[in-house]
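Report on the structure given below.
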Amino acid sequence: MKEDISKAYSDWEEKVLNKTLAKRPERKESFETSSGMKVKSVYLPQDIEELDYLRDLGFPGAPPFTRGVQPTMYRGRLWTMRQYAGFGTAEESNKRYRYLISQGQTGLSVAFDLPTQTGYDSDHPLACGEVGKVGVAIDSLSDMETLFSGIDLSKVSTSMTINAPAFILLAMYLAVAEARGVSPEVLAGTIQNDILKEYVARGTYIFPPVPSMRLITDTFGFCMERMPRWNAISISGYHIREAGSTAAQELAFTLANGTAYIRAALEAGIDIEKLAGRISFFFNAHNNFFEEIAKFRAARRMWTRIMVEQFGVSTPRALKLRFHTQTAGCTLTAQQPENNVVRVTLQALAAVLGGTQSLHTNSKDEALCLPGEEAVRLALRTQQIIAHESGVADTIDPLAGSFFIESLTSSLEEIAGSYIGEIEKLGGVAKAIESGYIQNQIHRSAYAQQKEMESGEKVIVGVNRFADAETAGCPLTRVDPQTEKAQVKRLCDVRKRRDSKGAEAALDEIERCASTDGNLMDPVLRAVKAYCTVGEICDRLRNVFGTYTPPAIL
Amino acid sequence: MAKAKILIAKPGLDGHDRGAMIIAHALRDAGFEVIYTGIRQTPEQIVAAAVEEDVDIIGLSCLSGAHLELFGRVTELLRQKDLADTAVVGGGIIPEEDIPRLREMGIKKVFTPGASTTEIVTYFNNLLGEN
Chain A
820 MKEDISKAYS DWEEKVLNKT LAKRPERKES FETSSGMKVK SVYLPQDIEE
870 LDYLRDLGFP GAPPFTRGVQ PTMYRGRLWT MRQYAGFGTA EESNKRYRYL
920 ISQGQTGLSV AFDLPTQTGY DSDHPLACGE VGKVGVAIDS LSDMETLFSG
970 IDLSKVSTSM TINAPAFILL AMYLAVAEAR GVSPEVLAGT IQNDILKEYV
1020 ARGTYIFPPV PSMRLITDTF GFCMERMPRW NAISISGYHI REAGSTAAQE
1070 LAFTLANGTA YIRAALEAGI DIEKLAGRIS FFFNAHNNFF EEIAKFRAAR
1120 RMWTRIMVEQ FGVSTPRALK LRFHTQTAGC TLTAQQPENN VVRVTLQALA
1170 AVLGGTQSLH TNSKDEALCL PGEEAVRLAL RTQQIIAHES GVADTIDPLA
1220 GSFFIESLTS SLEEIAGSYI GEIEKLGGVA KAIESGYIQN QIHRSAYAQQ
1270 KEMESGEKVI VGVNRFADAE TAGCPLTRVD PQTEKAQVKR LCDVRKRRDS
1320 KGAEAALDEI ERCASTDGNL MDPVLRAVKA YCTVGEICDR LRNVFGTYTP
1370 PAIL
Chain B
54 MAKAKILIAK PGLDGHDRGA MIIAHALRDA GFEVIYTGIR QTPEQIVAAA
104 VEEDVDIIGL SCLSGAHLEL FGRVTELLRQ KDLADTAVVG GGIIPEEDIP
154 RLREMGIKKV FTPGASTTEI VTYFNNLLGE N
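Keeping their order, the protein sequence lines are chains A and B.
Residue numbering for the first sequence follows this note's numbering, starting at 820 and increasing by one per position.
Residue numbering for the second sequence follows this note's numbering, starting at 54 and increasing by one per position.
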């Protein structure tokens, strides 16, 4: 049978293909994916000869989970539609969340401003100009109470894009819930809590790697004990890709970071069989449609293999790579912004065909400004159309068995595996970050893509091809310039109103605990309830832990 | 002739430096001496680096929307130090409607999304030719 196909293929190549090529060559000399994989003109059964169905694919909801993490996937329940949102004050963001819920969104995703993400209060000199700009400003529990006002925390699941100070925002969320009589056991959601990718791609680090990892394992321990429905980390490839990596690098660096967290947890004496089920991932959905679908499938298979082979994990739930996806912000263009709707649709479709658990679709205006309400609604509608009208959610992993998809999935596993091997050779992720290896790899890919775009080899519709002389602008959404002043006033009021002695004592306790190996979560929980601020708590920890200085890359 | 010196800087708390690093790399490939500050620099740190390195041009990158406050602060500090003749160029996610105000603050040119490295290198060459 195989020989028959090979022979027939050679015949076809000689008699049909080569004749056509002689008359009319192909559009390009070579076709490649983002990861530099050569794409053949046609894929055949022999391209997946090595694939063993039961070993490499299996069934949905069963190891190695290549076909999906749930036995019923979207036939049982659709993915969670979760639009990342937040800007200005807690009050404004709360309004946007309530709007999104009223439009059928099924989960919340909180964007914090840069001062909050880097552990500074809104009145810090470094916060100047940044308050409320890329997300909501949260200084104290008082802001958090406003942010979730009128939203039932026992019903909604909330994802918070917060990393270095994740433990503080988690404590605030708990305190809000507790005050409303909602117990920690029922709270569902995720803190991003992924510091390693901050060092290489996203930049909102505070402390050096060792104490940062300790803060993360402290949250692991706390969540496992008291918040059984909470994802203690969302290991993110998204930002690595946005910073310029290829699909294979995104996959490799994310999974390598995943193993670093598992190792840290083991060292902290945490039961990884239990923890692994509370770990989630976050990937990018970029332009190369089939490569992206293959990436999601390869990610699941690789993680299962890593957990079994390296860590000897056997609990099925702990072997599942569950992930959130966001469409690629870096592919959005400021020129002809309407085109972005089409890009987002294709990227979202790739995420769904790749079996994502939740999805954020970008808004068409995001290369220009913060997304406006109308643009956000259209982005959400895009997901709803894919879910309810296209029929793609009706069967599980519909592209399985495609010669091309299976071949890409296996190739990506191989390429990503060799990057992971490089990192191991360097002594693990921490060493690879210290030496600048990961940052350099990402930068090199970003630079190569820029060159391809400028040479016209890589076409960006509306930018380097089919460009208009005049581009009609979108209406711009801007943060009210009074936000910073208003937020600083709120902060001063909180400081005046609170019991200052109690607040001071809570901060002292944090500093004391930080110098021991005790879990910091309880002292932090007491401090946020005493209305200590994000900046104050981080300052006390800076006293003990110091701050991170990145290596020079360029 | 000594190579022209350029400081590429990221003011504020924004960690997105894919663009800044690409520009720094392209300028270096074009023969400039380039110093990249890394992310999360205050305007004070940036101006101090510009003085210490005696640079010809400062390129500022900001994607967080804080460009009006931060770029303005850099040019203000330069004026205070009698360095107003050091050319300052900006780039990032900057709405067209902000460009006139940035120019008033002393930002010579603003590059927005979609600008090519070739265009930027040419501009820097012309700018140095003028001086």
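Don't be surprised by glycine CBs; every beta carbon is placed ideally from N, CA and C.
The structure displayed is predicted, hence computed values, not measured ones.
- At a Cβ-Cβ threshold of 8 Å, ARG1060(A) and SER978(A) do not count as neighbours.
- For ALA62(B), the nearest beta carbon of chain A is not closer than 8 Å to its own beta carbon.
- For THR1152(A), at least one C-beta of chain B is nearer than 8 Å to its own C-beta.
- The beta carbon of PHE1364(A) is closer than 6 Å to those of PHE1026, PRO1030 in its chain, skipping five residues each way along the sequence.
- Taking a Cβ-Cβ threshold of 9 Å, none of the residues of chain A is close to MET158(B); the smallest such distance is about 13 Å.
- Between LEU60(B) and VAL108(B), the gap from beta carbon to beta carbon is short of 8 Å.
- No residue range can be given for ILE147(B), since it is assigned to no beta strand (DSSP E) and is classified by DSSP as neither H nor E.
- Counting along the chain, the unbroken beta strand (DSSP E) around VAL87(B) starts and ends at 86-89.
- Residue pairing by DSSP places LYS162(B) opposite VAL142(B) in a beta bridge.
- DSSP places ILE920(A) in the helix class (H, G or I) of the three-state scheme.
- Under the three-pair Cβ rule at 8 Å, the region 153-169 of chain B does not count as touching the region 85-92 of chain B.
- Contacts between TYR176(B) and chain A, judged by CB atoms closer than 8 Å, are missing: the closest CB pair is about 15 Å apart.
- Close partners of ASP67(B) in chain A (Cβ separation under 7 Å): LEU933.
- Nearest CB-CB separation between PRO166(B) and chain A: below the 8 Å threshold.
- Comparing alpha carbon positions, the residue from VAL1280(A), GLY1321(A), ARG1309(A), GLU1004(A) closest to VAL950(A) is ARG1309(A).
- No Cβ-Cβ contact shorter than 8 Å links VAL975(A) with GLY895(A).
- Between the alpha carbons of LYS859(A) and MET1121(A) lies a distance of about 24 Å.
- When rounded, the separation of the alpha-carbon atoms in GLY159(B) and THR128(B) is 6 Å.
- Note on geometry: alpha-carbon atoms of SER928(A) and VAL141(B) lie some 37 Å from one another.
- One finds CYS947, GLY948 in chain A with Cβ atoms closer than 7 Å to the Cβ of GLU122(B), taken in chain order.
- Contact between ALA1071(A) and ALA1249(A) fails: their C-beta atoms lie close to 16 Å from each other, not under 8 Å.
- By the rule that beta-carbons nearer than 8 Å mark a contact, PRO1369(A) touches chain B.
- Taking 8 Å as the cut-off, the beta carbon of SER114(B) is found no closer than this to the beta carbon of LYS56(B).
- Taking the Cα of LEU972(A) as reference, the smallest distance to any Cα among PHE1142(A), ALA996(A), VAL955(A) is reached at ALA996(A).
- Contact between TYR1238(A) and ALA1067(A) holds, since their C-beta atoms are separated by about 7 Å, short of 8 Å.
- DSSP places ASN1103(A) inside the beta strand (DSSP E), whose first and last residues are 1098-1104.
- Boundaries for GLN1154(A): no beta strand (DSSP E) harbours it, and the DSSP string shows neither H nor E there.
- Interface annotation for the region 1185-1214 of chain A against chain B: ALA1186, LEU1187, CYS1188, LEU1189, criterion Cβ-Cβ distance under 8 Å.
- Interface with chain B (8 Å Cβ-Cβ cutoff): LEU1310(A) is excluded.
- Counted as a single uninterrupted DSSP element, the stretch harbouring ALA168(B) is not any alpha helix (DSSP H), since DSSP gives it neither H nor E.
- TYR1350(A) is positioned such that its CB atom lies closer than 8 Å to that of SER961(A).
- DSSP places GLY112(B) in the strand class (E or B) of the three-state scheme.
- Of all residues in the region 1262-1282 of chain A, the ones placed with a Cβ closer than 7 Å to any Cβ belonging to chain B are HIS1262, ALA1265, TYR1266, GLN1269, GLU1273, VAL1282, in chain order.
- In the DSSP assignment, THR1009(A) is bridged to SER978(A), ASN1050(A).
- With fewer than 16 other CB atoms across the displayed protein chains lying within 10 angstroms of its CB, ILE824(A) is exposed.
- The DSSP-derived three-state label of VAL1280(A) is strand.
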